[in-house]
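Participant: Here the working numbering runs 138 ahead of the position in the sequence shown, where the first position is 1.
The beta-carbon is built from N, C-alpha and C at its ideal position, and this holds for glycine as well.
In this text the structure is predicted, and so the values were computed from the model without any measurement.
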Amino acid sequence: MSSLLDTRCLILCLFFLLATYTFHYICHQIHQRQVSRAKGCKDAQSKAPVKDRFIGFDFIYDCLFTKPIDKYLDYTYKTFRQLGPTYVCQRWTWEATYTCDSRNIKHILASGFDDFKLPRLRVNAMMGLLGSGIFTLNGHLWSHARAVLRPCFAKQNKDDMVNMLETHFQALLRRIPLDGATVDLQPLFFWLTMDFATNFLMGHSTHVLDRASSHAKEKQFVDDYLTCSTEIVRKMQLGPLQMFSFNFAAMKARSRVFQYIDEFISASLDKEREHDEAANSGLNVLQGLAALTTDRKQLRDQILHILVASRDTTACLLSNLFFVLSRKPHIYEKLRYEVVSIAGTKPATSNQLNSMEYLKWCVQESLRLHPVIPTNAREASKDTILPHGGGKDGNSPLLVKKGNLVMYNIYAMHRDAGVFGPDPEAFVPERWDGLRPGWGYLPFNGGPRICIGQKFALLETHYLVSRMVQTFETIKANEDTEWIELYALATTCKDGVNVSLKR
Ligand code: HEM
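1. Could you please give me the residues that DSSP links to Glu517 through a beta bridge?
2. To which residues of the same chain is Asp208 closer than 8 angstroms at the C-beta, ignoring the five residues directly before and after it?
3. Leu323: buried (16+ other C-beta within 10 angstroms of its C-beta) or exposed?
4. Using only alpha-carbon positions, find the residue among Leu330, Asp317, Lys435 that is nearest to Asp400.
5. Tell me whether Leu536 sits in a helix, a strand or coil according to DSSP, three-state version.
6. Run through DSSP, which three-state label would Ser174 get?
7. Let's see if you can read the secondary structure: which residues bound the alpha helix (DSSP H) around His498?
8. Check whether the stretch 518-525 and the stretch 607-621 touch, using three or more Cβ-Cβ pairs below 8 angstroms as the test.
9. Take Ala550 and list the residues in its own chain whose beta-carbon comes closer than 7 angstroms to its own, dropping the five residues that flank it on each side.
10. Between the alpha carbons of Lys558 and Ser281, how many angstroms are there, rounded?
11. Pull up the CB-CB distance for Ala447 and Gly591, whole angstroms please, since I reckon it's below 8 angstroms.
12. Should Pro509 be labelled buried (16 or more other beta-carbon atoms within 10 Å of its own) or exposed?
13. Quick check on the burial criterion: 16 or more other C-beta atoms within 10 angstroms. Buried or exposed for Ala283?
14. Which residues in the same chain have their Cβ closer than 8 angstroms to the Cβ of Asn514, if we skip the five residues on either side of it in sequence?
15. Report yes or no: do three or more beta-carbon pairs, one from the stretch 497-504 and one from the stretch 459-466, lie closer than 8 angstroms?
16. In terms of alpha-carbon separation, which member of Thr599, Trp570, Arg605, Arg349 lies closest to Tyr475?
17. Quick one: what's got a C-beta closer than 6 angstroms to Lys530's C-beta in the same chain, skipping five residues either side?
18. What does the alpha-carbon distance come out to for the pair Gly271 and Leu456?
19. Considering only residues of the same chain and omitting the five flanking positions on each side of Thr365, which have a CB-CB separation below 7 angstroms?
20. Under the rule that 16 or more other beta-carbon atoms within 10 Å means buried, what is Ile656, buried or exposed?
21. Please confirm whether Thr619 has its beta-carbon closer than 8 angstroms to some beta-carbon of chain C.
22. Alpha carbon to alpha carbon, what distance is there between Val478 and Asn542?
23. Do you know whose CA, among Tyr236, Glu233, His278, lies nearest Lys255's CA?
24. Mapping DSSP to helix, strand and coil, what is Thr522?
25. Under 7 angstroms from any heavy atom of the ligand HEM, does the C-beta of Arg506 make it?
26. Would you check whether the ligand HEM has a heavy atom nearer than 7 angstroms to the C-beta of Thr432?
27. Please name the residue or residues paired with Ala387 in a DSSP beta bridge.
28. Sorted by chain position, which residues of the same chain lie with C-beta nearer than 7 angstroms to Ala628's C-beta, five sequence neighbours on each side aside?
29. Using three-state DSSP, classify Cys589 as helix, strand or coil.
30. When you compare only the Cα positions, how much space is there between Asn301 and Leu424?
31. Touching or not, the stretch 481-488 and the stretch 571-585, by the rule of three or more beta carbon pairs under 8 angstroms?
32. Which two residues bound the contiguous beta strand (DSSP E) that contains Ile613?
33. For Ser504, does the count of other Cβ atoms within 10 angstroms reach 16, so buried, or fall short, so exposed?
34. Going by C-alpha distance, which of His526, Leu624, Ala615, Ser352 is nearest Tyr236?
35. Look at the alpha carbon of Trp670 and the alpha carbon of Lys640, and state the distance between them as a whole number of angstroms.
36. Here's a check: name, in chain order, each residue in its chain whose Cβ is nearer than 7 angstroms to the Cβ of Leu407, leaving out the five neighbours to either side.
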């Protein structure tokens, strides 16, 4: 009798669950239709071919077994040329929209900002290793974090920063052979930006460029940081399967990274308590933050997130730019002529850097041709639309269902001849003379989540490039390979920057 009752109860529960699910499903469908009708949406005609539309085995198979394509970015660019600037693709149980249309990207990042959030997969991959900071936050937690961070950047004094950069540049010079022997500049740029970023963020440099063995703890930190960032990239590549992966070495590295940063947090909080005036001089971001909050976890997470945001991106930009300069002697010569005419052989001031037009064009052109964040994504936080991509001509609005991803491609957008003029795949700094691409050019993102460190990154890059060209009369690549991306947290050159430099 009791087992019959149990079975009936179970059936009733299952029926109730099924009815609730069906009810929600129908409500959801009705809501999507209402949104679609109200905004005049039409189905996307452009669809990427998939073999399995129902379960999405293509996607799971790709995540697990397909080797990353060497020239993935060129592949995506060609796909847009075949399928148009916006197309959809069935990915497992959901649909992803791919776009390089600047009008759609402007909508995701600015006019429709509230309808989109950071993708769950990115948030989970980063949060597990770096904690919860500006790169993983959405909504009011994000706006609070941004409001706290902004004044810490505004406080930075440009000439103090330039002086700090000079110390690290001198350490870089000591690593470059004087006899013209080949050197790979890429790892040197990564070390330099790590030394500088830890210096301005925490007031204590890792000194990895310094050959002295007395910095063993710092070197361990840099190795651990690399382990964590490699694991984040691996998790992102695994997509939804990331929840099944566990990397013990990365977890150990994470706890050492936390420990390392915690020491500086304790020191900053102590200084803050003592009202040390130097603590508020504005050069050290951690001290600026410690004046606003004493929550150690929050301090650590924010510092780690800014380290990721600032270090890899700037190193990639320097590497990509010098990769091209070492293959274009006439551009290098023109750049050197400008820098030396304005600043001579002495380190340039921030005002002098500001007047170096050709230097700025070279950096802009590098970020156009090889953007260091070439692709990005947002997740729809409600049923919403993209203004273009629907209908036969792609000019009608397109429905984006709640939870679906929009992948936007800056690499392809930056190759629009209609915006950038002829030969968009060539490195031509002169194209920037009078060019105002607006939303067609987004190396630093746009809208409310625009890069907080943009001015900072440009000052750092302009200074270091000016010092390199002042110091070296020529730079020559030792092989004539083409630029192929190395796709990580930020994008750099797969084969390094192997060059010989002459003073
Ligand atoms: C060449 C150098 C750089 C490039 C190309 C770059 C690019 C970007 C991009 C594309 C984003 C948007 C990411 C997204 O929302 O998905 C971003 C965000 C951010 N960047 Fe940068 N960045 C650079 C350097 C820096 C530096 C030097 C700092 C700090 C000193 C910095 C701090 C940040 C922060 C804190 C965010 C998050 C902003 C937010 O979500 O509100 N970046 N950056």
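Facilitator: Answer, in terms of the structure:
1. Lys255, Leu543
2. Ile622, Lys632
3. buried
4. Lys435
5. strand
6. helix
7. Sequence check: residue 498 is Lys here, not His. Lys498 -> alpha helix (DSSP H) spans 495-507.
8. no
9. Thr214, Tyr215, Phe218, Cys238
10. One detail in the question is off: residue 558 reads as Phe in this sequence, not Lys. Each residue's alpha carbon lies about 34 angstroms from the other.
11. 6 angstroms
12. buried
13. buried
14. Met545, Tyr546, Ile548, Asn583
15. yes
16. Arg605
17. Gln183
18. 26 angstroms
19. Ala387, Ala388, Ala391
20. In the structure displayed, the chain extends from 139 to 641; residue 656 sits before or after that span and is not available.
21. Absent from the structure: chain C. Only one protein chain is present.
22. 52 angstroms
23. His278
24. strand
25. no
26. no
27. Paired residues: none, contrary to the question.
28. Asp450, Thr451, Cys454, Val510, Ile511
29. coil
30. 19 angstroms
31. no
32. 612-615
33. buried
34. His526
35. No answer is possible for residue 670: it lies beyond the span of the chain, which begins at 139 and ends at 641.
36. Ala428, Thr432
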